[in-house]
Amino acid sequence: MDLVLCHTTADFDSLGAAVGLCVLHPGTRIVLTGGCHPTVRDFLALHRDEYPLIERRSVNPSQIRSISIVDSSQRDRLGKAAEWLDLPHIKQIAVFDHHLQADLDIPATLTQIEAVGATTTLIVEQLREKLNNSTENGDTASRLLPSEATVMALGIHVDTGSLTFEGATARDAMALAWLMEQGASLGVIAEYVEPGLSPQLQDLLQESLKNLRSETLHGCTVAWVLLSTDNYVPGLSSLASRLLDLTETDALLLGNVYNLSENDSNRNIAEPTVSNRLAIIGRSRIEGTNLSELFKPFGGGGHASAASLATRDVDPMLILNQLADELKAQIPHPPTARELMSSPVRSIRPETSVGEAHRILLRYGHSGLPVVDAGDRLTGIISRRDIDIALHHGFSHAPAKGYMTPQLKTIAPDTLLPEIEALMVTYDIGRLPVLENGELLGIVTRTDVLRELHQQKTRDRGNNIELSYCPLPESVEQLLRSGISPELWQLLSIAANIARERGWQLYIVGGAVRDLLLATDDKLALTDIDLVVDGNRSADDSGAGVELASSLQKLYPDSRLDVHGDFKTAALLWHKDSVFGSLWLDIATARTEFYPYPAANPEVEASSIRQDLYRRDFTINALAVRLGEPRSGELLDFFGGLVDLKARQIRVLHANSFIEDPTRIYRAVRFAVRLGFAIEPQTEEYIRHATESGIYYRIQGESGRTPALETRLKSELRYILQAPYWKLALQMLGDLQALRCIHPTLELDRNLWRRLRLLDRCLNGRKKEEGRRKKEEGRGKKEEGRGKKEEEGRDNSPFPIPHSPFPIINIPDWLMRLEVSIAYLAPEYRGKVAANLLLPADSIKRLELLEATNQELAENLPKCKLPSQLVLLLRNYELPVLIAIALQSSRSIRRQILEYLTKWANVEPPLNGNDLKALGYKPGPAFKRMLDDLLAALLDGHLGDRASAIVFLAQHYPQT
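Going by the numbering used here, the sequence shown runs without a break in its numbering and finishes at 2015.
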């Protein structure tokens, strides 16, 4: 275990530097050795889950491998964690600090103590160099997560006074600039940085706090105050920002009236007057308000969240009150707990063991579980942190009730977002149960709140849909509506209305959303659309998705309805329909899934839309668009899919994804090649770990059936091997060692690649020949009816020996490529692998007999000296078998087989059975011998035309 220690009462600099070290050295965990600064505490109350923090009491000292200390070089600032520095097995102790005057009393093996404004700057410089080097080496450019860049930027801002303190350096400024390029959130920085005020502004701050008026509406507090001064006061914007923070209000109007008459020169709340100058500073954190529009009638302006105005000869208090009323009217109704919550909620009984609770958390990816009694009344919540501590002390069999938190804060379905946020920050709560009439209806997590706050802060960026981080719902809806046919839009609208009538929410998800956002054409030809119904509960056991599909089928009787009850899905299919063409509309109930063992079929359960998207393969396929009110057109992007679309990269959702389902490796390659994307470096590492682990082959031996390595893998192989980009995709699979999913000994080496390229030549030759034949058939039809005389003339012409008429192979190209790949395995594996992939019976038989056939031909082909001997031998074998053998045989045997395929395979005797009967021969077994002899004589050059063939028969088969 690698640890980073922050000093006691950790500030943003120590936290930012610690997070940076965790990015530099993945897997490192952060320990807060003894509390933190109040602003850091408030920050972590909302953002704790975004950083790898671990409790000091959860650390097993015997497992510590290395320790890094940030923003301190003295052990007395590390609390009880300082004892770890004396452990004899620690391999490295590193110190990073910017306090040059402090005495180092830590037994460090590595130190970096330099004169910069913030320790975080030292770590940022290392990060910048590492990422720049990876770009120069041709690797896919890496970026920090916005949460990582933001906390590091906070560290530099706070310790340098936003670059105004004496110790600030140019290195700090460059580090800050780079963090802004990496996506640091200025809004979050502004929320937690505390700029200083001049003495005059500090006096005005006290006066403002004394006379501030406020009102709370829809969970948002609006405040306003009017100050009177002798002269204009610079820096009122800083005063407004500080006042906004101190009062924890959501919007503020700060008025300043000056140039009063001598009688009114005392500093107090101004009396109404018409001889003055009035300046008003506005600040708002409320999504949906627009101060710029509010101030525009008075000649003011600015931004939606920050604006100002200056006017004269007005009634100051009247104007300020008027603006306050108009600002309150702009406040939208904030989201409620019912809109934010996840439902249904998985819960456990108080008697459930800690070990079982841990298994449930692992299965569903939750960070906590409600605990309910026999009457389904909520009695507590147990978090992952609680469970980790219990397991650390060996209490896996103890009941959960001993470790749960019984004193709960709960909310009602109509609790507003600001109140939810306040509860989480005040009580440091990561999740709030939603109760209705005593029943556990859902749960709102810290992630739900953060996501909603993020969306609110970014919606004001405009309506540009082009892969923006948070496009507005109306812009997405317009893009969808304009990107598909009117008939299809009507179908989706009808489906959304049916869902809404039943209290459900409908989403279009997955590839259709991805392709919509990537599309450059005006109209997107969608033939496969996935819809998800977030129904929470359904009266029908078949699920909300099946119920919705059944209702739609009644309105569209030309469609065919297929139901898959086990997976709570249904599909409506149109085939060559006059309106929809060929369309597959898959409708599923929102569900989560769990793989009981690697490469198994998943077990599914009804769940929420977020859990449904989390079960998907890649972030770019985990996007959804809400259909129907409320918030129609809202884009759901829980996992950074838009960022990855913009970066043109394939990124997996979780580390075990490829262990659970190896077909995702093939899907990653298929999407990367088809879309021209790169596989994100960490995702590639997960793939290599999965293929090198040998887990698939081991599970096959233990579990018997591995569906992901059977029909699902065959489907992915078919998609890839029949695509025009199959060569590039196969090379990428070979580089990733992914062919081991087929068999652990299968690799794309030079010999296999040579065979596949030779096969491609054969298949291309066949396609050219088929094209030539079709042209000849077309010409033949035009020549029909030219007269019997011309036909008779052709019959009397010498019989032609065709050249290069490649015989038709009666299996698809992709299957031929797959059979050649499987044939590269040792003979004893070929049939088993083909059967495991559920290939057609004739494919399995071919591969099972391939080695015996190869030996037969290796023995008999050298004996064939005449063309007739070659033909009479090889015509007994299927063409796919001959091609497979030719590709793996010596040059001489390959030449004989290819000569047969390209020159002799389609040659026919100059006479047929009807001709023999016309000549007076009686039908019977002799016909075959006669025709074979005619063919052999023709192939060996002893016959030239029909007349010579008739003479040949008379000589060898005289009639009595």
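Positions of the beta carbon are idealized from the N, C-alpha and C atoms, including for glycine.
Computed from a predicted structure; not experimentally measured.
query, result
"Validate contact between the region 1091 to 1105 and the region 1494 to 1513 using beta carbons, cut 8 Å, 3 pairs", "yes"
"Neighbourhood of residue 1076 by C-beta, 8 Å cutoff - its chain only, sequence neighbours within 5 removed", "1059, 1083, 1123, 1125, 1151 and 1178"
"Given residue 1164 as reference, the closest of 1146, 1154, 1174 and 1172 once Cα atoms are compared", "1146"
"Residue burial classification, residue 1062 (beta-carbon count within 10 angstroms, cutoff 16)", "buried"
"Reduced DSSP secondary structure (H/G/I, E/B, other) of residue 1629", "strand"
"Segment limits, alpha helix (DSSP H) that includes residue 1891", "1882 to 1891"
"Length-filtered (3 minimum) beta strand (DSSP E) runs lying within the region 1152 to 1220", "1165 to 1168"
"Residue 1995 burial status per 10 Å Cβ neighbour count (16 or more: buried)", "exposed"
"Reference residue 1416; option with closest CA among 1432, 1438, 1534 and 1567", "1438"
"Whether residue 1703 touches residue 1691 by CB criterion (8 Å)", "no"
"Residues that DSSP places opposite residue 1147 in a beta bridge", "1121"
"Span of the alpha helix (DSSP H) around residue 1967", "That residue, residue 1967, is in no alpha helix (DSSP H); it is neither H nor E in DSSP."
"Bridge partners - residue 1360, DSSP secondary structure assignment", "DSSP output for residue 1360 lists no bridge partner at all."
"Helix, strand or coil at residue 1377 [DSSP, three-state]", "helix"
"Whole-number beta carbon distance between residue 1949 and residue 1941, since they are thought to touch under 8 Å", "5 Å"
"Beta carbon of residue 1453 nearer than 8 Å to that of residue 1489", "no"
"CB of residue 1710 within 8 Å of CB of residue 1741, strictly", "yes"
"Proximity of residue 1130 and residue 1140 at Cβ, strictly below 8 Å", "yes"
"Residue 1185 vs residue 1256 beta-carbon contact at 8 Å", "no"
"Residue 1517 versus residue 1569: straight-line alpha-carbon distance, rounded", "Unreliable positioning characterises residue 1517 in this predicted model, as indicated by a pLDDT of 43, which lies under 50. A coordinate reading is not provided."
"Nearest candidate by alpha-carbon position, reference residue 1169, set 1155, 1181, 1160 and 1182", "1155"
"Contact set for residue 1468: own chain, Cβ-Cβ below 7 Å, skip 5 residues either direction", "1391, 1392, 1393, 1489, 1491 and 1496"
"For residue 1559, the residue or residues it bridges with in DSSP", "Paired residue(s): none; residue 1559 is not in a bridge."
"Residues near residue 1700 in its chain [Cβ-Cβ closer than 8 Å; skip 5 each side]", "1522, 1569, 1572, 1573 and 1675"
"Alpha-carbon spacing of residue 1873 relative to residue 1896, whole angstroms", "14 Å"
"Reduced DSSP secondary structure (H/G/I, E/B, other) of residue 1447", "helix"
"Outcome for residue 1363 when other beta-carbon atoms lying within 10 angstroms are tallied against a minimum of 16", "buried"
"Burial state of residue 1977 (16 or more Cβ within 10 Å)", "exposed"
"Residue 1549 vs residue 1610 beta-carbon contact at 8 Å", "yes"
"Nearest-angstrom Cβ-Cβ length linking residue 1172 and residue 1205, presumed shorter than 8 Å", "Contact doesn't hold; Cβ gap of about 18 Å is too wide."
"Complete beta strand (DSSP E) runs within the region 1902 to 1968 (minimum length 3 residues, chain order)", "none"
"Residue closest to residue 1882, alpha-carbon to alpha-carbon, out of 1900, 1869, 1871 and 1432", "1900"
"Close beta carbons around residue 1210, own chain, < 7 Å, minus the five adjacent residues each side", "1067, 1068, 1070, 1071, 1072, 1173 and 1175"
"When 1789, 1332 and 1121 are compared against residue 1803, the one with the closest alpha-carbon", "1789"
"According to DSSP, residues forming a beta bridge with residue 1277", "1270 and 1306"
"Proximity winner among 1345, 1718, 1339 and 1350, relative to residue 1333 (alpha-carbon distances)", "1350"
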